[in-house]
Amino acid sequence: MNYSAKTGDPSKQRTPCLVLGLFSRRKLSDAAKTVDKASKGFLTSILKKGDMDGEPGQALMLYDLPGTLCERVLLIGCGTQKEYNQNKHSEAVGKAISELNSGYTVDATLCLPALESTQSDLYSQIRDTVINSSEQIYRFDQCKSDPKAPKRPLKKLTLLVNDRKHLKTAQKAIAHGQAMANGISLAKDLGNLPGNICTPSHLADQARRLGRKSPKLKVKILEEKQMAALKMGALLSVSRGSRQPAKLIVMEYHGGTAKSKPVVLVGKGLTFDAGGISIKPSPAMDEMKYDMCGGASVIGTLSACVDLELPVNVVGIVPASENLPDGNANKPGDIVTSMSGQTIEILNTDAEGRLILCDALTYCERFNPAIVIDVATLTGACVVALGKHATGLLSNNDALADEILSAGDSCNDRAWRLPLWEEYQKQLDSNFADMANIGGKGGGTITAACFLSRFTKKQKWAHLDIAGSAWNSGTKKGATGRPVSLLTHLLLKRSKQVS
Ligand code: BES
Ligand code: MN
Ligand code: ZN
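Okay, so the sequence shown: first residue is 129 according to our numbering, each after it adds one.
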């Protein structure tokens with residue numbers, strides 16, 4: 129989709145469709161008032177007929193408004209003006225786009241009411257609008273033999289801003305929003321692909337493909353032989369139970385100065401998690417194809433860096449493997465030696481994410497990171513604790529944790545911090561190795577992070593548990609692309625592209 133920004137009087141827009149907001153009960157937004165005036169009260173007279181009162185979710189298409197230059201007006205319900213907030217704004221954008229996309233207008237001008245600047249600035253609103261619109265248009269039909277795509281999908285959206293002096297900001301917000309939306313959509317596609325197609329090799333191919341888009345992005349794939357030479361005994365123990373070879377995807381984006389330390393992003397790329405010998409119950413096991421969403425979000429974020437040519441150095445590392453039961457698979461009680469030299473007693477083969485991540489985290493030391501953030505669908509316990517709305521955040525550094533929380537708040541991709549206290553570490557004690565790979569009853573998300581913390585002592589490090597936020601279940605089953613927005617915002621901020 130093509131987005132652009134423009135200023136001008138809404139009633140003078142020569143457009144196939146002008147989208148305006150209506151507050152309840154039948155209260156015209158400022159732009160709608162202007163159009164009403166130009167059309168000598170046409171909107172008011174239509175609304176008197178009672179077809180629409182402005183509730184969220186309502187939409188009304190009107191034709192041939194006198195005194196205007198548009199072919200149609202689409203009125204969108206925004207709810208009461210008092211309660212109009214970021215969520216209502218997103219909902220209104222979503223409704224507008226779905227109406228336009230299923231109708232016959234391929235080109236429209238959006239003029240929904242802006243939020244008060246105390247709630248959200250113009251930059252954020254426009255960026256959110258672009259991301260939400262793309263979200264609404266997203267479809268995953270690669271695996272359908274006869275995809276039922278909209279006949280005339282929306283192709284061009286012009287965003288009307290009220291002041292010339294805001295045009296530059298609006299254009300920047302559109303560029304950032306589009307890059308983020310593309311990254312989200314790439315992460316969703318990778319997540320939604322089934323495990324038999326999206327294998328570790330497929331993930332590696334997609335990373336290589338991204339690398340060909342920019343001379344600033346160098347992509348290198350480590351094969352099992354090279355991982356063995358590095359003594360990645362934890363990672364390789366997981367892939368031993370699978371016929372698909374593991375891959376360690378290393379993406380180096382050089383946008384900053386040669387001597388500036390990189391932000392290192394590590395994403396769990398477990399392309400299917402059956403649990404291994406500690407096999408999972410079958411209900412909803414299909415959703416374990418989403419166990420690579422952390423890796424997908426790292427690839428999506430690098431895609432946004434490439435699109436925006438961000439002046440920052442970023443390294444993305446994705447350990448990719450399957451976790452299956454097999455004669456060669458890890459068995460409960462097995463002890464493996466990680467790249468760090470620390471030994472691990474595998475008491476549950478289903479706690480495999482931390483096994484592949486710990487070696488990737490040790491590997492990332494060679495990049496001399498400014499900060500390290502890992503992203504993983506790591507624990508079912510995180511879904512119990514936080515549900516689907518918040519990503520779990522655990523960190524050994526308060527400043528970094530605050531930076532992440534605030535990045536999430538800025539783009540509606542929020543995280544919530546859990547403690548990483550010393551006391552929890554004891555739960556990982558093992559009688560036979562340096563540590564166990566599970567922490568027993570209670571605090572499963574925290575003990576998983578405690579495990580990872582033993583491999584990141586030298587780093588300013590944060591862990592994002594996206595077990596709840598990475599995908600939706602039920603009739604809306606599908607990947608969310610989170611936390612591409614959060615990570616990209618953090619990088620935009622670090623590279624001083626946003627304030
Ligand atoms: N990939 C799962 C975590 C998961 C489960 C994410 C359900 C989203 C929904 C992870 O590999 C796993 O199996 N974790 C175990 C850890 C346990 C054995 C300590 C879990 O959460 O049950
Ligand atoms: Mn598992
Ligand atoms: Zn897993």
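Note that CB positions come from ideal geometry on N, CA and C, so glycine has one too.
Everything numeric in this text was worked out from a predicted model, so none of it was measured.
At a cut-off of 8 Å, would you count T608 as near the ligand BES, judging by its Cβ distance to the nearest heavy atom?
T608: no, Cβ never under 8 Å from the ligand BES.
Any heavy atom of the ligand MN within a distance shorter than 8 Å of the CB on G182?
For the ligand MN, not one heavy atom lies less than 8 Å from the Cβ of G182.
DSSP state of G149, grouped into three classes?
Strand, per DSSP.
How should C271 be labelled, buried or exposed, when 16 other C-beta atoms within 10 angstroms of its C-beta is the threshold for buried?
Under this definition C271 is an exposed residue.
Whole angstroms is fine: what's the gap from D502's alpha carbon to I204's?
Between D502 and I204, the alpha-carbon positions lie close to 40 Å from each other.
Who pairs with F400 in a beta bridge, going by DSSP?
In DSSP, F400 forms a bridge with E450.
Using a Cβ-Cβ cut-off of 6 Å (strictly less than) and excluding sequence neighbours within five positions of S468, which residues of its own chain qualify?
Excluding positions up to five away in sequence, the list reads T490 and F583.
Could you pull out every residue in the same chain whose Cβ sits closer than 6 Å to the Cβ of P373, ignoring the five residues on either side in sequence?
A distance below 6 Å between beta-carbons, with the five flanking residues on each side excluded, links P373 to the following residues of its chain, in chain order: E352.
Using alpha carbons as the reference points, say which of D526, I349 and G572 lies closest to A335.
Among D526, I349 and G572, the Cα nearest to that of A335 is on I349.
Between N320 and the ligand MN, is there a pair consisting of the residue's CB and a ligand heavy atom that are separated by less than 8 Å?
Checking the 8 Å criterion, the Cβ of N320 is out of range of every heavy atom belonging to the ligand MN.
Cβ-based neighbour list, S581, same chain, cut-off 7 Å, excluding 5 preceding and 5 following:
Excluding positions up to five away in sequence, the list reads N524 and L548.
Just to confirm before moving on: does the CB-CB distance between S406 and P460 stay below 9 Å?
Their beta carbons are under 9 Å apart, which means S406 touches P460 by this criterion.
Please state if the CB of L345 and the CB of C433 are separated by a distance shorter than 9 Å.
Yes, the Cβ-Cβ distance between C433 and L345 is below 9 Å.
Starting from L238, trace the alpha helix (DSSP H) both ways and give me its first and last residue.
Per DSSP, L238 belongs to no alpha helix (DSSP H); it is in the beta strand (DSSP E), D235 to C239.
D537 burial status per 10 Å Cβ neighbour count (16 or more: buried)
Residue environment analysis places D537 among the exposed positions, since fewer than 16 neighbouring C-beta atoms fall within 10 angstroms of its C-beta.
Residues passing the C-beta test against the ligand COA heavy atoms, cut-off 5 Å:
What this structure holds is the ligand BES, the ligand MN and the ligand ZN, not the ligand COA.
Just how far apart, CA to CA, sit G508 and A224?
Straight across, the Cα-Cα distance linking G508 with A224 is about 35 Å.
Skipping 5 residues on each side, what residues in its chain have a beta carbon closer than 6 Å to that of D109?
Absent from the model: residue 109. The displayed extent of the chain is 129 to 627, so no value can be given.
Inspect the CB distances between the region 248-258 and the region 193-204 and report whether three or more fall short of 8 Å.
Too few Cβ pairs lie closer than 8 Å, so no.
Limits of the unbroken alpha helix (DSSP H) element including M308
Start and end: L295 to N320.
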